[in-house]
Structures are given as structure tokens and as C-alpha cells.
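Residue numbers (the numbering used here), protein chains in the order written: chain L, 473 to 632; chain B, 10 to 356. Built from N, CA and C at the ideal position, the CB exists for glycine as well.
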């Protein structure tokens, strides 16, 4: 990722002197081994982001996540005048009487949906990572082809 | 004809959100200037129901000749509703984050940012004026055809009676956990800082919502590097104020900002600030903070200099306060008056 270009703010004397001191101190610490090569290598390791599955799974991914959990107790709604309260009471009664049957079924469906989501998420992440690797390799091929065209031995330039 | 009302609209009004806080401050300014002012939003957080009104009520409330501001960070149905009103419309350009920052982290936010950037050039025909929070953001509107342009920088005064009691070695980062903030730079800098100052530690306060892959990567990096950094997530305002009071220095390594409210808030509280030079950060810092390159080792050294040198910390605190004095409610009111004066705002 590239940063938005720096603004053209002036550097004042205090800031310039502090930054110069800081840069000298960094160079000194590297020379003295305070920052060892191993530490610097660790510091420069890229951020390991596990990609958002939606990049490969598409825009319906959030809906798949939202609806994975199946509840045996969805809201009971009836806004019909007069009979509404009776209907709500009736629905509650039916639901209570079938709970022994519905609860384990919905639990099993939810559990299955969750497992499927995890498999899909992992596959999606792998697809995103493979696409990035393909892009990287394509860029490398272009670099190598350019080197060949220029007459330089292939591989003489560092991978980009 | 005199201006009687200045209303605002946005997709969502939420507590602790930069755009929401800015809108609330603007509403106070409008009302202090004698204008009627309401905030309309597509979704209003339950805790803000007494200050925000549903967008469905906007068409009836907004009259011809009223000013209506739309806070533009994403395209939305609310934007269409604003454009359909007979009001004098003002685009408050909240500088959408460039979409590439969301790569791998959030497909939804990346898509939304792309749409916002793509729609921007066509907005000038629907808006009479454009307001930005910084000159940096104003430059992004160059050549897009907005007839009137103005900078209304947010006001960031600390609470009355606010006092600092800095803890030695405590570095603070404040801002959303989102890739353009580049918190990994701060974590790496902390790891370097702790090679020579093992007591140094860092608190990182910010909302990771919808940015979970980035937040998880930061968490892993913080542990792998033994950086002494704690990601505390989104905290209530009172806790944020406590964190500001406790920290010895604030770091703000952001790569893209339309303004950078936490930076200005820290400066208003007399906190020494170490920041990047990117986007609006250098402008807002304006000599109040120390600006570094993107090298975490350099950031670590500069943080160390401020932590170790009480006199330097004192000087930086004074510079912070001096700079942030320009981000006062009075300055915001002046800017509003200058822009809306020609629209019939009574002086």
C-alpha cells in the first residue's frame, strides 16, 4: 500500500535538529548491534493479513454470515387489529409445543452452516492469496522478459 | 433574503464517530448563530435519538432557501434524498479513504470507497458550495467545478478543567483501526524503542469494526515483536480523556487523513505529538508536532527523545497548545460566518 504523498509543510529548526539527531542515533545503534540484523529482519516482516473472505466470495458473503445461525425463536409478530394478540398467543403455544422437535434440528442446521462458512472462508482466503501470488509471478515474468530484451542475464535484477 | 436554517444530513449518526462529532459541533455553531439546525441521518444510534432525526423527516423540515449540508464520505440513499430537496446544498467533503487502503482487509469498504471516488466529479452540479476540513482536502476538489469552497476546520477544545498527569514511557495512539492509519508503523517503532527503554509501552485506542483482518494482524505483530502495545478497541469518551491525560507522547503515523481529529485533540490538550508528514497530517500539525519519515527506527528515536527529555516534552507541549488554539469553536464559527454571510446569515 502506498501512502498519500507528504504535504509540503515546512520543517522548522527544532524539528530538523531532532530528526537529524534521531537518524544519527539509529545509525549508531545499527553499528553497535543494538538493532541486530535478526531484529531488523523481524521488524521488516510484512504485516500478515488474513484476507477478508468477501474479496473472493463476493458481495453476498455478509448475508451468508448473517443468516448462518438458524433460530427456533424468530420474533412473533402480528399487527392485525383485535385478532393480533390471539394470533401471537397461538403462535407462542405452537412454538412451545414443538420446541422439543425444532430446537435440536435448528441447532444442527446452524452448526452445519457454521462449518460450511468456515470452509468457504478458508477457501476464499486461499483464492485471494493465490491471486496475489499469480500477480507477483506475472510481474516477475515481465521483469525477466525485460532483462532478456535488454541483453542482461536473466535474474540479475532483484525480484520486485 | 436572510438565511434561517442550516441543516445537516449523513448516512449514519453514531457516538464517538469523527463525522458525527463534527456534525454535532456544527449544529451548535449554527444554533449559536441564530439558525435552526437539525441533523438527519439514515440510521441514528439509540444513544443519539434526542439529537439526530430520521432522514425520512428531512423533506418536510427543509424549506427552499435553507442551507443543507451533506457529509460526504460514501455514496448513499441519503445523498440522493439531499439532492432532491429544494435547499441550498453544501457538500461537506470528508475526504473518502482511497480504496487501495482496504485491499485484503474489507471488500465492502473498498467497494464503498471506490463508489465515493467515482461519484465525486459529478457532485458539483448538485451542490452550490463545498466545505472541507483542511486545505489538503480542498485541493482534492480542484477543478471539479464547485463555485464556492471553504475550509471549516473542526473545533477540538478539551473538557473544562482537563489536566494531564503523564505516566513515564507511555505512548498513545488514537484513531480507527483501519489500514490508512498505519498502526503497524507505531507497533514496529515501539518494538525498536523497547530495545533501549524496556519500560516503554503503548496504548492503541480505536474502533476495529469491519477491519477485523487488519486488527488481527496488528495484534499478532504486537505480540511477535514484543512491542508493549495494547489494542484497547473503541472506548467511551471518558476513557479516551483518561488515556489522553495519562500518555507522555502521542504518535500519529497515518498515511491518509482528510484532517486527523485525534491529532488536533491531543495538541489541544498539550500533549507532545510525533506524526507522519502525509496528507493533511503535516498541515494540521502545523509546527505543533514533530514530523518523521516512515522509518519505524526514526519514529522510535524521536519518541525516545521526547520521553527522555522533560524540557523538550515541555516545549513540544507548548507548541501543541499554541497550534491547536487555531482549532477553537470561535475559529469554526468565524469560518461558517464567512461562508454563509453572502447567503444572508445575519452577522
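C-beta contact flag for residue i and residue j at 8 Å
i	j	result
residue 60/B	residue 33/B	yes
residue 202/B	residue 309/B	yes
residue 127/B	residue 155/B	no
residue 216/B	residue 110/B	no
residue 523/L	residue 222/B	yes
residue 2/B	residue 340/B	Within the shown structure, residues of chain B are numbered from 10 to 356, placing residue 2/B beyond reach of any answer.
residue 275/B	residue 329/B	yes
residue 176/B	residue 231/B	no
residue 125/B	residue 143/B	no
residue 338/B	residue 166/B	yes
residue 102/B	residue 140/B	yes
residue 227/B	residue 193/B	yes
residue 42/B	residue 346/B	yes
residue 197/B	residue 305/B	yes
residue 158/B	residue 526/L	no
residue 20/B	residue 85/B	yes
residue 332/B	residue 279/B	no
residue 28/B	residue 93/B	no
residue 200/B	residue 512/L	no
residue 582/L	residue 540/L	yes
residue 506/L	residue 36/B	no
residue 220/B	residue 187/B	yes
Residue of the options minimising C-alpha distance to residue i
i	options	result
residue 250/B	25/B, 109/B, 13/B, 290/B	25/B
residue 129/B	270/B, 212/B, 104/B	104/B
residue 97/B	126/B, 17/B, 117/B, 172/B	17/B
residue 49/B	15/B, 42/B, 27/B, 41/B	15/B
residue 185/B	42/B, 272/B, 66/B	272/B
residue 287/B	63/B, 145/B, 102/B	145/B
residue 348/B	51/B, 78/B, 279/B, 84/B	78/B
residue 307/B	492/L, 484/L, 485/L	492/L
residue 113/B	553/L, 520/L, 488/L	520/L
residue 314/B	264/B, 66/B, 206/B	206/B
residue 573/L	541/L, 506/L, 545/L	545/L
residue 75/B	10/B, 106/B, 28/B, 324/B	10/B
residue 153/B	55/B, 168/B, 131/B, 169/B	131/B
residue 316/B	335/B, 178/B, 270/B, 269/B	178/B
Distance, residue j Cα to residue i Cα
i	j	result
residue 567/L	residue 543/L	12 Å
residue 68/B	residue 90/B	8 Å
residue 576/L	residue 281/B	59 Å
residue 608/L	residue 13/B	58 Å
residue 260/B	residue 195/B	7 Å
residue 87/B	residue 99/B	14 Å
residue 64/B	residue 52/B	8 Å
residue 242/B	residue 625/L	51 Å
residue 549/L	residue 565/L	14 Å
residue 498/L	residue 57/B	48 Å
residue 73/B	residue 95/B	5 Å
residue 148/B	residue 291/B	14 Å
residue 80/B	residue 39/B	16 Å
residue 528/L	residue 606/L	15 Å
residue 245/B	residue 613/L	51 Å
residue 622/L	residue 293/B	47 Å
residue 121/B	residue 134/B	22 Å
residue 595/L	residue 602/L	10 Å
residue 174/B	residue 353/B	47 Å
residue 5/B	residue 318/B	Not covered by the structure: residue 5/B. The range shown for chain B is 10 to 356.
residue 585/L	residue 597/L	18 Å
residue 289/B	residue 263/B	10 Å
residue 569/L	residue 108/B	52 Å
residue 311/B	residue 46/B	45 Å
residue 509/L	residue 343/B	54 Å
residue 240/B	residue 503/L	33 Å
Within chain L, partners of residue i - CB distance below 7 Å
i	result
residue 197/B	515
residue 116/B	524, 526, 527
Beta-carbon neighbours of residue i, restricted to chain L and to distances below 8 Å
i	result
residue 271/B	The contacting residues do not exist; residue 271/B stays about 17 Å from chain L at best.
residue 204/B	501, 506, 507, 511
residue 193/B	519
Within chain L, the residues that residue i reaches when beta carbons sit closer than 9 Å
i	result
residue 335/B	Ordered by position in chain L, no residue passes the 9 Å Cβ test against residue 335/B, which lies about 14 Å from the chain.
Listed by chain order, chain B residues near residue i by CB distance under 9 Å
i	result
residue 493/L	310, 311, 314
residue 600/L	113
Chain B residues whose Cβ lies nearer than 7 Å to that of residue i
i	result
residue 520/L	226, 229
residue 484/L	296
residue 497/L	310
On the three-pair Cβ rule with 8 Å, is the region 294–306 of chain B touching the region 241–255 of chain B? no
Three Cβ pairs or more, each shorter than 8 Å: is that satisfied between the region 558–577 of chain L and the region 589–601 of chain L? no
Take every Cβ of the region 234–242 of chain B, pair it with every Cβ of the region 203–211 of chain B, and state whether three or more of those distances are shorter than 8 Å. yes
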